[in-house]
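**Q** So the sequence lines, in the order shown, correspond to chains A and B.
Numbered according to this note's numbering, the first sequence spans residues 1 to 337.
Numbered according to this note's numbering, the second sequence spans residues 338 to 674.
Ideal Cβ placement from N, Cα and C applies to all residues, glycine included.
The structure follows.
Number of protein chains: 2
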Amino acid sequence: MRERVTLADVAKAAGVHPGTVSRSLNEETEKQVNQETVRKIRKIAKKLGYTPNTVARGLRTRKSMTIGVILPDLTNPIFPPIVRGIDSYLLPRGYSVLVVNTDGDPSLEKKLFDSLMERQVDGFIIATGRSDTASIAEYHDHGIKAVLVNRDVAGIPFPAVTADDATGIRLAIEHLASLGHKKFLHLSGPAGFSTSRIRSKAFTDNCKKLGLHARIIKTTAYSVEAGQSAMDKYLDLHPQDATAVVAGNDLLALGVYHSLRLRGLRCPEDVSVVGFNNMSFANDFQPPMTTVHAPYFEMGVEAARLILSQIEGIEIGPMKITLPVSLVVRGSTARSA
Amino acid sequence: MRERVTLADVAKAAGVHPGTVSRSLNEETEKQVNQETVRKIRKIAKKLGYTPNTVARGLRTRKSMTIGVILPDLTNPIFPPIVRGIDSYLLPRGYSVLVVNTDGDPSLEKKLFDSLMERQVDGFIIATGRSDTASIAEYHDHGIKAVLVNRDVAGIPFPAVTADDATGIRLAIEHLASLGHKKFLHLSGPAGFSTSRIRSKAFTDNCKKLGLHARIIKTTAYSVEAGQSAMDKYLDLHPQDATAVVAGNDLLALGVYHSLRLRGLRCPEDVSVVGFNNMSFANDFQPPMTTVHAPYFEMGVEAARLILSQIEGIEIGPMKITLPVSLVVRGSTARSA
DNA sequence: TCTCTCAGCGCAATCGATTGCGCTACCTGC
DNA sequence: GCAGGTAGCGCAATCGATTGCGCTGAGAGA
C-alpha cells in the first residue's frame, strides 16, 4: 500500500547491518546486542515508523501467527461468542484469526481447509464437528494441529472442548419433572453430531431413571425451521400427548414455539419447552426461554489455549475438556396442568 | 506443519526450472509455456500434492490476498450477516478475511488497524464508523484502500455503503402516524455516528412535516441497557406522554420493551415501538418487533465489491452507496388509544 | 607481551514463489 | 543458406525478515 519502511531502511539509517536491527527489535535476541546499540536502533526505528512485515517474517520462521477457524455459519448465534473467546486469547499473543463458514457442506469444508493450509495457518479450531471432519484426522500424522470446539468427533486424535451436554439435559429433565411433567418429548439434532448423540442418550437415560414417558424425534438440522416441522409432525401424530419438550438447542425450541402457536397451543400453559445454549436474547423471546446455559465465550478461550499449547510443542494428545453448564429458568416452563 | 511440497520439488520431479513450474500453474502466465509442458507439470504437481505457499507468494507479489474487517463487536447481531456478505464475495475471488473487534475503543481500533497493516492486508472494510476513524483518513494519502460499511464518516475520502436510514425512519413515522399516534419519542444513538445523526434528523423532519409532537433522547450506546435506561429516564420525567417510540435500532427498542414491562406498561396497547435493523429473531420477541429491515448481507457484498475495485486499481473516490430499506410491521405497533 | 575468551556485530544463506531478461533452438521467408 | 523472428524455458534477482557462522577487537589472565 504505502512505501513501507523496511529493516534495511532502519539499518541504513542506524549505520548497522539489518541482522543487528532484527536482533535488537526482538525480545528474544535482544541480549545478543549491546544495550546502547539496542536503544539507538529502537529510537531510529520508531522515528522512521518501522513496522515489521509479518508476511516476510512468516516465510522465514515458517509461522504465520494465524489460526484458522472453521464453523458452519457465523449467523448462528452461538458462534460469535466462541469466536470472540478465541480472539480474546489469541490477539494479545500476537495471533490473528481467519474465520470461514462451511454452511454444513463437507466438500466446501474440505476446500476451505485446504485454502487455510495454503495460507500456512499454524493451527485449526474446528466447530463443525461433522463426522466427515474425521477425514481431517488423516492430516494428524502430517503434524497438523487442531482443536475441536462445541462438538467432538468420535475417535478423532485431536483435543476437544465441549459443554457438559449430559448434565445440561439432566438439569432440564429434573426441572420439568419437579414441575410434575410425566410425558416427555426430545427434539434431537441431526445424527452424526456428538451433541445430538450425547443429548439424546442423556434424555433417554434420565427419563428412564425417573420413570418418565420418553419419546425422541430426530430433526434434519439445528434450525428453527427443522424444529417447527418436526414438532408439526409430532403434533399431527400425537395431539395433546407430551407436556414437556426438551429441544436439542434453542433454535429447535424456537421452532417448537412457532408450531405450538400456529395450533393455538400455549407455552408454557399447555406445553413446557426447554432449549439448550442460552443464546443471546433468549430472555426476550415470547415467552422468555428456559434453557441450558453453555459458556461459549469460555469454550472459545479454552480452544485457543489448547491450540497454542500444541503449537508451542506441548503434546496434549486427544485431551477432552468439558465445561460446566447451568439451567436458566425463565417463562417457557410451568407446572404441568 | 507437515513437510510441504514446494515449487522446487515439483520442478525437480518434472526436470524443469522452478520458474517454469510457476508459469505453468498460473492462469495468467500459462500461455508463456508449451501446452505439453503445462500438462505434464500440472499432472506432476497434482500427484505430489503441491499447494502454493500463499505467504511466499505474497512476499514477492506484495499482495496478501487478505482483507481486514474492523467492527465493534461480532456478537452484535447485525455484524454476522455483514461479514458473511463480505465473505461470499471475497472467498470465490481468492481473498481471505481477517476480522477484529474494537468494542468501541478508539485506541484499540488504532492498534488493531496497525496490526492488520503489519499483516499486509490489501484493504480494509471498516464498520465502526467512529469519527475517530477519521484519523484513518490520514492514511488515504499513503495509498491505503478502505471502505466504510453500515456507518459513514463525514468528510472521509473513502467510499461508504449504508442503508437508507432516512427513508427507514420516514416509513416508521408514517406507519405510526397512520395508526393515529400524535406524540412521538425518538431514542437516538450516541452522537458521532452517521446513523444517529441521519436518523435523528429524519425523525425531526418527518414529524414536523406531519405536524407531530416530537422529542429526542440521546442514548449512550446502541445497546439494550442504554435503551432501557434512556426510556426509564424519559418515563420518570414525562409519564404517559408519548405513545409512539421510534428507537435508533432494535437493541434500543428491546431496552424500551424492558423499561415498559417493569412499569407495567403494555406494548403495543399503551405504547407502540418501532426498531431499526430487523435483527435476527426480531419476530420472536415479546411482542414481535415492528422494525425497519436493512439488507446487511448485501451491504457486506457491496463493501467487498468496492474494496476489490480499489485494489484492482479502479479509482472510485468517495463513492456513497445507499441500499434500500423496508418496514416490517409486526406486533409492537398498534392503533393509538 | 602474548594468548585466550567472548561480547558484539557483519556476512550471506534461507524461506518459497514470481518475473525481467536473455539464451537457445527452431522456423520462416527470401 | 542466411538473417530475422519467436516460442520455450532457464537464470538469477527479488520480496523482507531471520539466523548460523565467523570475524574483529577489547579485556583478562599468565
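Cutting at 8 angstroms between CB atoms, please list the residues of its own chain near A/Ile82, excluding the five before and the five after it.
**A** Correct list, in chain order: Leu71, Ala127, Val149, Asn150, Tyr296, Phe297, Met299, Gly300 and Ala303.
**Q** Per DSSP, B/Lys519 forms a beta bridge with which residues?
**A** According to DSSP, B/Lys519 bridges with nothing at all.
**Q** Are the Cβ atoms of B/Leu660 and B/Ala619 separated by less than 9 angstroms?
**A** No, the pair does not count as a contact, with Cβ atoms beyond the cut-off.
**Q** At a Cβ threshold of 9 angstroms, is A/Arg2 touching chain B?
**A** Annotation note: pLDDT 49 at A/Arg2 (below 50); position unreliable, coordinate value reported separately. Taking Cβ atoms only, chain B reaches closer than 9 angstroms to A/Arg2, which makes this a yes.
**Q** Could you give the first and the last residue of the continuous alpha helix (DSSP H) run that contains A/Lys110?
**A** Segment Pro106 to Glu118, the alpha helix (DSSP H) holding A/Lys110.
**Q** Taking Cβ positions only, does A/Pro288 come closer than 9 angstroms to chain B?
**A** Yes, A/Pro288 counts as interfacial toward chain B.
**Q** For chain B, check one thing: does any of its Cβ atoms lie closer than 9 angstroms to the Cβ of A/Met319?
**A** By this cut-off, A/Met319 is not an interface position.
**Q** Would you please verify whether the beta carbon of A/Arg266 is less than 9 angstroms from any beta carbon of chain B?
**A** Chain B, which has no Cβ nearer than 9 angstroms to the Cβ of A/Arg266, makes this no.
**Q** Please classify B/Lys383 as buried or exposed, where buried requires at least 16 neighbouring CB atoms within 10 angstroms.
**A** With fewer than 16 Cβ atoms within 10 Å of its Cβ, B/Lys383 is classed as exposed.
**Q** Given A/Asp165, which residues of its chain have a CB within under 7 angstroms of its CB, disregarding the five upstream and five downstream residues?
**A** If we look at A/Asp165 and ignore the five residues flanking it on each side, its Cβ neighbours are Thr195, Ile198, Arg199 and Ala202.
**Q** Can you find the residues in the same chain that come closer than 8 angstroms, C-beta to C-beta, to A/Ala17, ignoring five residues on each side of it along the sequence?
**A** Checking the displayed sequence, the identity of residue 17 of chain A turns out to be His instead of Ala. The residues are Ala11.
**Q** With a CB to CB cut of under 7 angstroms and the five nearest residues on each side skipped, what residues in its chain are close to B/Ile306?
**A** The question about residue 306 of chain B has no answer, for chain B in this structure spans 338 to 674.
**Q** Would you list, in chain order, the members of the stretch 17-41 of chain A that have their beta-carbon closer than 7 angstroms to a beta-carbon of chain B?
**A** Under the 7 angstroms Cβ criterion, the stretch 17-41 of chain A contributes no residue.
**Q** A/Ile67 and A/Asp152: beta carbons closer than 9 angstroms?
**A** No, the Cβ-Cβ distance between A/Ile67 and A/Asp152 is not below 9 angstroms.
**Q** Taking all protein chains shown into account, do 16 or more other C-beta atoms lie within 10 angstroms of the C-beta of A/Val86, making it buried, or fewer, making it exposed?
**A** Sequence check: residue 86 of chain A is Ile here, not Val. Label assigned to A/Ile86: buried.
**Q** Taking the C-alpha atoms as reference points, what is the distance between B/Val608 and B/Tyr571?
**A** B/Val608 and B/Tyr571: Cα-Cα distance of roughly 13 angstroms.
**Q** Take B/Phe530 and list the residues in its own chain whose beta-carbon comes closer than 6 angstroms to its own, dropping the five residues that flank it on each side.
**A** Gly466 and Arg488.
**Q** Could you give the DSSP three-state label for B/Thr357: helix, strand or coil?
**A** Helix, per DSSP.
**Q** Is the number of C-beta pairs between the stretch 222-233 of chain A and the stretch 181-190 of chain A that are closer than 8 angstroms three or more?
**A** Flag = yes, the stretch 222-233 of chain A and the stretch 181-190 of chain A touch.
**Q** For a cutoff of 9 angstroms on Cβ pairs, would you count A/Phe285 as touching chain B?
**A** It does: the Cβ of A/Phe285 has a partner Cβ on chain B nearer than 9 angstroms.
**Q** Could you tell me if A/Arg2 is buried or exposed, where buried requires 16 or more neighbouring beta carbons within 10 angstroms of its beta carbon?
**A** Reliability of the predicted coordinates at A/Arg2 is poor, the pLDDT of 49 falling under 50, and the value obtained from them is presented with this limitation in mind. Exposed.
**Q** Hey, is A/Pro52's beta-carbon within less than 9 angstroms of any beta-carbon in chain B?
**A** True, the Cβ-Cβ gap to chain B drops below 9 angstroms.
**Q** Would a C-beta distance cut-off of 9 angstroms place A/Pro73 and A/Asp103 closer than the cut-off?
**A** Before going on, a small fix: residue 73 of chain A reads as Asp here, not Pro. In this structure, A/Asp103 lies closer than 9 angstroms to A/Asp73 by Cβ.
**Q** Beta-carbon within less than 8 angstroms of B/Arg341's beta-carbon, same chain only, minus the 5 sequence neighbours each way: which residues are those?
**A** Taken in chain order, the residues that qualify are Thr388 and Asn390.
**Q** Quick one, which of A/Thr6, A/Thr167, A/Ile173 and A/Ile136 has its alpha-carbon nearest A/Ser158's?
**A** Correcting the residue type first, residue 158 of chain A is Phe in the shown sequence and not Ser. Of A/Thr6, A/Thr167, A/Ile173 and A/Ile136, the residue nearest in Cα terms is A/Ile136.
**Q** Counting beta carbon pairs with one atom in the stretch 429-440 of chain B and one in the stretch 658-672 of chain B, are three or more of them shorter than 8 angstroms?
**A** Result no; under three Cβ-Cβ pairs closer than 8 angstroms.
**Q** Between the Cα of A/Glu174 and the Cα atoms of A/Cys267, A/Lys208 and A/Thr219, which residue gives the shortest distance?
**A** Ranking the options by Cα distance to A/Glu174, first place goes to A/Lys208.
**Q** Whose C-alpha, out of A/Val69, A/Arg305, A/Asn76 and A/Ala177, is nearest the C-alpha of A/Leu112?
**A** Ranking A/Val69, A/Arg305, A/Asn76 and A/Ala177 by Cα distance to A/Leu112 puts A/Val69 first.
**Q** How would you list, in chain order, the residues of chain B whose beta-carbon sits under 7 angstroms from the beta-carbon of A/Gln120?
**A** Correct list: Asn390, Thr391 and Val392.
**Q** Checking contacts by CB at 9 angstroms: is B/Tyr594 closer than that to chain A?
**A** With 9 angstroms as the cut-off, B/Tyr594 counts as an interface residue toward chain A.
**Q** Tell me which residues share the same chain as B/Leu549 and place their Cβ nearer than 7 angstroms to its Cβ, disregarding the 5 neighbours each side in the sequence.
**A** So the qualifying residues of the chain are Ala514, Lys519 and Phe521.
**Q** What residues of chain A sit near B/Phe618, judged by a beta carbon separation below 7 angstroms?
**A** Ordered by position in chain A, the residues that pass the 7 angstroms Cβ test against B/Phe618 are Phe281.
**Q** Can you tell me which of the three DSSP states A/Val328 falls into?
**A** In this structure, A/Val328 counts as strand in the three-state DSSP scheme.
**Q** Could you tell me which chain A residues have their CB closer than 9 angstroms to the CB of B/Gly529, listed as they occur along the chain?
**A** Under the 9 angstroms cutoff, chain A gives no residues; its nearest Cβ is about 24 angstroms from B/Gly529.
**Q** Please check if any C-beta of chain B sits within less than 9 angstroms of the C-beta of A/Asp73.
**A** Yes, because at least one Cβ of chain B sits closer than 9 angstroms to the Cβ of A/Asp73.
**Q** Where do the ends of the alpha helix (DSSP H) carrying A/Asn206 lie?
**A** Taken as a continuous stretch (DSSP letters only), the alpha helix (DSSP H) holding A/Asn206 covers Ser194 to Leu210.
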